[in-house]
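Student: Just dropping this structure here.
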Amino acid sequence: MSDKITLYGIPNCDTVKKARVWLDEQGIAYHFHDFKKAGLTAAQAQAWLKDVQRDVLVNRKGTTWRALPDERKAAITDDAAAVALMVENPSVVKRPVLFDGKQHHVGFKADQYQHIFEK
Numbered sequence: 001m002s003d004k005i006t007l008y009g010i011p012n013c014d015t016v017k018k019a020r021v022w023l024d025e026q027g028i029a030y031h032f033h034d035f036k037k038a039g040l041t042a043a044q045a046q047a048w049l050k051d052v053q054r055d056v057l058v059n060r061k062g063t064t065w066r067a068l069p070d071e072r073k074a075a076i077t078d079d080a081a082a083v084a085l086m087v088e089n090p091s092v093v094k095r096p097v098l099f100d101g102k103q104h105h106v107g108f109k110a111d112q113y114q115h116i117f118e119k
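Here it is in structure tokens:
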């Protein structure tokens, strides 16, 4: 399973740092995908939306979202618009996104990750 685990995010995000430390401390091997450097594809964002609602995935509390023009924010009314926004501005994605080999999860809390990896 470890070769299928991917953590998506940006390295300087505090929540991503916490998730990486937790995974390292648990000895869980994973691939880190820095979507600031490596980018984000529409296919990746669409895969995330199969497991996570767009209102969870699109971080409406972050600085990237707040900096968007009101018309752009108002246009995010369906998954296709959310995917286009995430590909255009990966920083708008709530981080981290974890793929455990079967399902995608958003955010980080130690007890959440504990539960994911107990399975």
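Each residue of the sequence shown is one higher than the one before, counting from 1 in full-length UniProt numbering. C-beta: ideal position from N, C-alpha, C; glycine also.
1. Mind checking if LYS18 is an interface residue toward chain D, Cβ cutoff 8 Å exclusive?
2. Measure the beta-carbon distance from LYS36 to PRO90 and round it to whole angstroms, keeping in mind my assumption that it falls under 8 Å.
3. In terms of residues, what are the limits of the beta strand (DSSP E) holding LEU7?
4. In the DSSP assignment, find the unbroken beta strand (DSSP E) run with VAL106 in it and report its ends.
5. Compare the beta carbon distance of TRP22 and ALA81 with 8 Å and say whether it is the shorter of the two.
6. Apart from the five residues just before and just after ASP78, which ones in its own chain have a Cβ nearer than 7 Å to its Cβ?
Tutor: According to the structure shown:
1. The question asks about chain D, but that chain is absent: this structure has only one protein chain.
2. Indeed they touch by this definition, with Cβ atoms about 6 Å apart.
3. Unbroken beta strand (DSSP E) run through LEU7: 6-9.
4. 104-106
5. no
6. none
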